[in-house]
Each structure stands twice: as C-alpha cells, then as structure tokens.
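2 protein chains.
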Amino acid sequence: MVPFDYPARLRRARELMTARGVDALLLSVGADLPYFTGYRAMPLERLTMLVLPVDAPATLVLPAFEAPRVTPLPGVFSLEPWEETDDPLSLVAGLCRSARRLGVGDTTWSVFLLGLQSSLAGAEFSAASALVGELRRRKDAGEADLLRQAGAAADRVVARLDHTRFAGKTERELAAEIAAMVVAEGHESAAFSIVASGPNGASPHHEAGSRVISPGDAVVVDFGGRLHGYHSDITRTFFVGDPPARVRKVHAVVAAAQEAGVAASGPGVPAQEVDRAARRVIAAAGFGSHFTHRTGHGIGLEEHEAPYLVEGNAVPLEPGMAFSVEPGVYLPGEFGVRLEDIVLVTGGGVERLNGAPRHLHSVD
Amino acid sequence: MVPFDYPARLRRARELMTARGVDALLLSVGADLPYFTGYRAMPLERLTMLVLPVDAPATLVLPAFEAPRVTPLPGVFSLEPWEETDDPLSLVAGLCRSARRLGVGDTTWSVFLLGLQSSLAGAEFSAASALVGELRRRKDAGEADLLRQAGAAADRVVARLDHTRFAGKTERELAAEIAAMVVAEGHESAAFSIVASGPNGASPHHEAGSRVISPGDAVVVDFGGRLHGYHSDITRTFFVGDPPARVRKVHAVVAAAQEAGVAASGPGVPAQEVDRAARRVIAAAGFGSHFTHRTGHGIGLEEHEAPYLVEGNAVPLEPGMAFSVEPGVYLPGEFGVRLEDIVLVTGGGVERLNGAPRHLHSVD
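One line per chain: the protein sequences are A and B, in this order.
To convert, note that position 12 of the first sequence is 1496 in my numbering; the numbers rise steadily by one, no gaps.
To convert, note that position 70 of the second sequence is 1554 in my numbering; the numbers rise steadily by one, no gaps.
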C-alpha cells in the first residue's frame, strides 16, 4: 500500500470541522473510512464506524474478528473491537456523548443513523460529504499515481478485448471474462462490467444478460476495477464484424463529443462546461435527445464521486480533480455508442489517464 | 425470472403497515426493492426509491436513463423517472407529503435519509426492516427453489476446485478464478470470494491478497454468487498436499460442530440454540476461544440477512427460513478452518442446500 499521510488528512478534516462547528464525524462503509485510515470495511450488517472527534484521537469501532484486517495508527486512530453479542451502536454513542453536531458518512446505512439519532437525541446530524468531499475531490500525487496505474491496467484489458471473440458468447459470459481480465491486469478486484449488445446498447446501464452476441452487433463495454483502493472506469464500443456507415457515423459523433469534453476541461472551468462542450457536439449532429445522461463523474476511492460533470454544477475544476468524460448516443431498438476516459486536472489542462485507442473496435 | 407474486407481497406489507401505523415505506438500494418489484437498483449516487404508501399504489422513483431496466406492474407500481438535472429527493418528498410515520429501508444511504428528514420535518422515520424483515425471512417455494439452484451451483464450483492447482498462485489470482467459476456454473454474478491461506486463514474475513499459496498451506475458501437474485454462500477448507494430524484434527472438530449445528436446527428452535450446539462441540475440544464469530446468518436476496444464529437471538426458527451454519476455528500464526453450508428449515427439520463433500479437501 502507498503510505498516505493519514495524520495530515485528519488534521485538515479537523480544520474544516472547527471552521464549520462540527463536533465529530461518523464514517462507515464506503470511501471516507479508507481515505482517513486506509481501511475499507465490508458493506455488511456488522457495524464498522470511525468516530472522529474534532478534539480527540479517532476510534475505529469494528467487529472483533475483523480487527486482524486493520493496522491501527498510534496517536491517530485506535481500535475498539466489539464481540458478536455486543451492541456496536451503544459503543459509538458512548464515544460521542458530548458532541452536538455530527457529520455522518453519506453511504452509512440508514438503520445505523436511525439508531444513533435515537440514542443521541439531542444531537444534530448532517451529511459528512459537505466537509469530507472538499478534501477527497482533490487527489494528491500518490492518489493520482494510483489512478494512473488503474487507468493503464484498464487500457491493457481493452487491448486484450481486441483479440477476444465476442460472437457466440452471452453478454454475461463476456462480462465474467472481462472481470477476470481486470484482475489479471493488476486490479485487486473487478468493480463492474457492463456488456450491452445490439439493441441492449441503447440502455446506458444495461445489466449484462443472457443475450447471445452476434455478428452485426454494436457492443458497449464499460468496466472498471479497484487498484490499491482507487478505481478505473473505461468504455469502448466494439462492433462484431465490419461496422456499417450508421454505426461509424454515430461513433464519430461520440468520439468528437468526447474530445470536445476533454478539451474543455481544465483548472477554473465550471464543471458544467465540460458537459456543455460534449453535448453541443452531439446536439449539432442531431442526436441531442439521445444523449440521456450527464457527461461524467469524479472517480477515486469511489467509482462515482464529486465532481459531477452535469448542467447545474458550476463548481470550478481544480488541479487534482479526476473524472470521467463519457458522452454516449442511445438509439432505442437499434444500438448504443459510448466512449469514456478518465482525465486528471493539471495546472494547465488535463492529463488523460487512459490511452486505449478511441476508435470503433472491430472484433470477431 | 421466476414470476413472484409481487402484488401479494405488497398486500402483506400493507397489512403489517396498517397494524403498526406506518404510512409509507421508502425502499432504496439493497434487497427490499427487488423483493417487492423484482428490480435491484445499482448502489450508486443516483437515487432509486420505491415509495409504498399504505393506501395508494406504489411509485418507483429512478434515474430516467435506468428506466429501461425496469418493467412497471400496472396497478402495482408505476415509474417516476427523473432527469439528470432534477432533484429526486423532492420527487420522493412530494409523494409522501401526507405521511406521518415512514419506514426507511435499512441499507438506504444516510445522505438520502438526512435529505428527507429535512424536507419532511414533521414526519417520524424508523427502520423498515422491523416490518419488511418479517416477510422476507420466510422464503416461499419459488425463493427456496432459487436458493437450491444457487447451492447446487456453488457445489459444482467446489467440485472444480478439487481439480484446480492452488500452489504457486496468489490468493487474489485464485479468488478471481473462483469468481469466474461462480459465473460459469450458473450464477448471474459473483458476490465475493475469500481465499485465506496459511496463517491468513486465522482471520475469518481475510481479504484475498498477494500471498502465494504453497505446499503445506491450509486454505479457507469461502465464496458465493447471486442466481436470479438469490445468493449462494459456501465454505470449504483445502490443504495443499497431505494434511498433518493437527490440521486434520481441527477440521474434524469443525466438521462435527457444523453437523451439530445443522442437527440442532428445525422449526420452533430458538436461533441461538444452533449457535450453542455448534459452539459446544468446539469448546469441548478445547478450541472455544478460537471460534470468534456467530454460527451463521440468514440468506436470500442478501448474502447476510435475518435470522442471525447468535447468542442472544431467541427468535424461533420457522419453515422457510434459510441460513448458513458455518463454525470455524482460527489459530493465530498457524491456520484457520471453516465449514459452511446453507440449510432451509422445513416442517420437520432442515434441508441442506449444499451437498459438496465436507471433508478436508486435498489439492495440489
């Protein structure tokens, strides 16, 4: 693991907490916990929660038998393991008796928040992302390097797909092959793989299913994995055989839109301008109503995180922000095309973290 | 997909809501949503939420571009798609303006609950599981059949592992192979694969890592997948080469404990008695302090759900409940052994849903 400077992160969090009058943060499943401790909890029913008071060392409350998975940092955070017959919520509540304003991790399960609200009846709860998000959205050099490595690993999977037979496989079989390649190329785990063939490609979040891929299909392939905690996310569109003019034309429009989105990205640019730049190209080509989602999302310890590249989000891009640029065109009953790369905002523009060829990939 | 009787499930939920004075349920990511609609939402930042009022048809609020993934059921639930620039929380709040008492799905993200609490300031929120859990914990014939199919698919993966080379692979590589086998044997997706070799086996939830498996290692292999929404979960312990007496002895103790747990299970038995039966065997053999977790968990649309087989849970088992029986012994610095099957409570006892041989599996 990269030795991130967790004490510095906690210090910056406490500075923000002081400024905003937040007495403690309660961070559970999801990305906040690894951001501050290096430990990612299993998203299961046994409570894991970091209690981070503004004025005292942090405590990680976790199932005793999962404690071997974590290395505490003396003076930074200690472990408070609970046994199977203990009540972990009362442990957490006991650690924040004097707190009046509590920030709760966005992805914390509601059943735990409800329990804490009931046992800490006088406290006021708000979303921790308002505070933690400000830190997490700017990646430091170590984080950028892991995103770079994850991007390169995803590129290698695309290279393998160019030599993979598509025809005759179900979407689900190909998705499983991709997941294995994602791990083989250096991710610690596969996060997801969308394989949307033929008319299924018109559903942007299609779930790989039992449809058998056939010659003449366009296939949207969107996958990612996690590498030392940081995610990759890439989309390329494949065609089984020689693509006809209509698919080539739509692909060229999407590729131009993606290029425009990347070109528009850079420090100081409002996030929504990236969306506008990509959308303008697609609209000008007459497919505006078929680009049905935002242009991108931030990426890091989560697959999707701030900043979101969407109309209405005027937050200015800053060096260190990493996000996807992924326009698409979805033609119901026909096919879909999407093209996605991750970019990292630099001092002068962006660095692309994916280099896999951006053409329409022809496969067997 | 199995055509579950969703209208009947909604009717039973409304009967309980009426009895308990709950005005509406708000169900998001996790298993409640597929239980009532057949649709499982992606666990991402775009809100998907079923608003289920006690006295009106249900509405599924979801991202517009994910709407093609769902088939609404006329008269049962309709779709309310939101566009990328809409505020989905205000849509949900608008649908429950008149509700005073709201039940929120346990795994709903806290950021959404906090938003709803703020816009529906007069309402009282509680955990939906108090109500929905009562329905979900008893599987009907269709659910039992899918759990049976998932168990058989997991058994086939174990059979393949008997002929798989372990030595020389990293835990992570073997875990990825297992995930691919889980899909190849009929699951729609792999849920997890724990591969804990040598001393790593002493950590029950060890995350498969870079350790290279070697001759002389005991290897705890615990994996599962999802089949038409329902989960498998099985653990077998392997040994690379010929196991020495100590490993064989510990394995025999765990196998006897597992058998005792299964034998103790049946209708009317308090859940904790299953735990006690398994624990007694391990304690009698002198390893009591090394069995550090509960004996099992319910399984269904979630990997882990009620009932939990743990000291302190006196809920009586009922026909239709499905759960794991998975005692283990964990010897720090040495190795671990765990053995897990899923059982289904019947009218007279339990049916085992896994038939893979329960011996210590010797591999190369």
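No residue lacks a Cβ here, since even glycine has one placed at the ideal position from N, Cα and C.
In this text, all values refer to a predicted model and were calculated from it rather than measured experimentally.
Residues of its chain near residue i, where Cβ-Cβ distance is below 7 Å and the 5 sequence neighbours each way are ignored
i         : result
B/Phe1488 : Gly1522 and Gly1626
A/Ala1663 : Ala1674 and Ser1677
A/Ala1508 : Val1535, Leu1536, Pro1537, Val1538, Cys1580, Ala1583 and Leu1586
A/Val1589 : In the sequence as displayed, the identity of residue 1589 of chain A is Gly instead of Val. Cβ neighbours of A/Gly1589 beyond the five flanking positions: Leu1510, Leu1511, Ser1512, Gly1514, Asp1516 and Ala1612.
B/Tyr1490 : Phe1520, Thr1521, Gly1522, Leu1557 and Val1560
A/Glu1818 : Pro1683 and Ala1686
Burial state of residue i, where buried means 16 or more other Cβ atoms lie within 10 Å
i         : result
A/Ala1761 : buried
B/Arg1822 : buried
B/Ser1773 : exposed
B/Met1485 : Confidence at B/Met1485 is low in this model, with a pLDDT of 48, below 50, so the placement of that residue should be treated as unreliable; the coordinate-derived value is given next. Answer is exposed; the Cβ neighbour count stays below 16.
B/Thr1592 : buried
B/Arg1778 : buried
B/Ser1613 : buried
B/Ala1789 : One detail in the question is off: residue 1789 of chain B reads as Glu in this sequence, not Ala. That one is buried.
B/His1843 : exposed
A/Pro1728 : exposed
B/Met1501 : buried
B/Ser1602 : exposed
B/Thr1776 : buried
A/Asp1706 : buried
A/Glu1669 : buried
B/Glu1499 : exposed
B/Arg1710 : buried
B/Ala1605 : exposed
B/Arg1644 : exposed
Assumed close pair residue i, residue j - CB separation to whole angstroms, cut-off 8 Å
i         : j         : result
B/His1715 : B/Ala1634 : 6 Å
B/Ile1718 : B/Ala1540 : Contact flag wrong, Cβ pair sits at about 43 Å.
B/Pro1552 : B/Leu1563 : Actually they do not touch by this definition, with Cβ atoms about 10 Å apart.
A/Leu1597 : B/Leu1597 : 6 Å
B/Thr1543 : B/Leu1600 : About 15 Å separates the two Cβ atoms, so there is no contact after all.
B/Pro1565 : B/Leu1546 : 6 Å
A/His1712 : A/Glu1672 : 7 Å
B/Glu1795 : B/Gly1708 : About 24 Å separates the two Cβ atoms, so there is no contact after all.
Beta-carbon gap between residue i and residue j smaller than 7 Å
i         : j         : result
A/Leu1803 : A/Pro1754 : Note on residue identity: the sequence assigns Pro, not Leu, to residue 1803 of chain A. Their beta carbons are not under 7 Å apart, which means A/Pro1803 does not touch A/Pro1754 by this criterion.
A/Ser1512 : A/Met1533 : yes
B/Gln1742 : B/Ala1798 : no
B/Asp1639 : B/His1845 : no
A/Leu1631 : A/Leu1793 : no
A/Gly1725 : A/Pro1699 : yes
A/Val1642 : A/Val1666 : no
A/Arg1649 : A/Asp1848 : yes
B/Ala1702 : B/Val1731 : yes
A/Ser1749 : A/Val1738 : no
B/His1689 : A/Glu1608 : no
A/Ser1594 : B/Ser1610 : no
B/Glu1567 : B/Ala1548 : yes
Contact set for residue i: own chain, Cβ-Cβ below 6 Å, skip 5 residues either direction
i         : result
A/Val1704 : Ala1680, Gly1685, Thr1721, Gly1820 and Arg1822
A/Val1765 : Ala1740, Ala1741 and Ala1744
A/Arg1524 : Pro1518
A/Gly1752 : Pro1800
A/Lys1653 : Ile1697
Sequence-distant residues of the same chain with beta carbon closer than 8 Å to residue i, five excluded per side
i         : result
A/Tyr1519 : Arg1493, Val1616, Leu1619, Arg1620 and Leu1785
B/Ala1628 : Gly1804, Ala1806 and Leu1828
A/Gly1505 : Arg1585
B/Ala1503 : none
Original post:
How about the segment 1684-1694 of chain B and the segment 1824-1834 of chain B: do they share at least three Cβ pairs that are nearer than 8 Å?
Top reply: no
Original post:
When the Cβ atoms of the segment 1808-1816 of chain B are set against those of the segment 1756-1773 of chain B, are three or more pairs found closer than 8 Å?
Top reply: yes
Original post:
Can we say the segment 1802-1809 of chain B touches the segment 1776-1788 of chain B, given the rule of at least three CB pairs closer than 8 Å?
Top reply: yes
**OP:** Say whether the segment 1568-1575 of chain B touches the segment 1609-1623 of chain B, bearing in mind that this needs 3 or more beta-carbon pairs closer than 8 Å, one atom from each stretch.
**Re:** no
Subject >> Cβ contact (3+ pairs, closer than 8 Å) linking the segment 1491-1499 of chain B and the segment 1830-1840 of chain A >> reply: no
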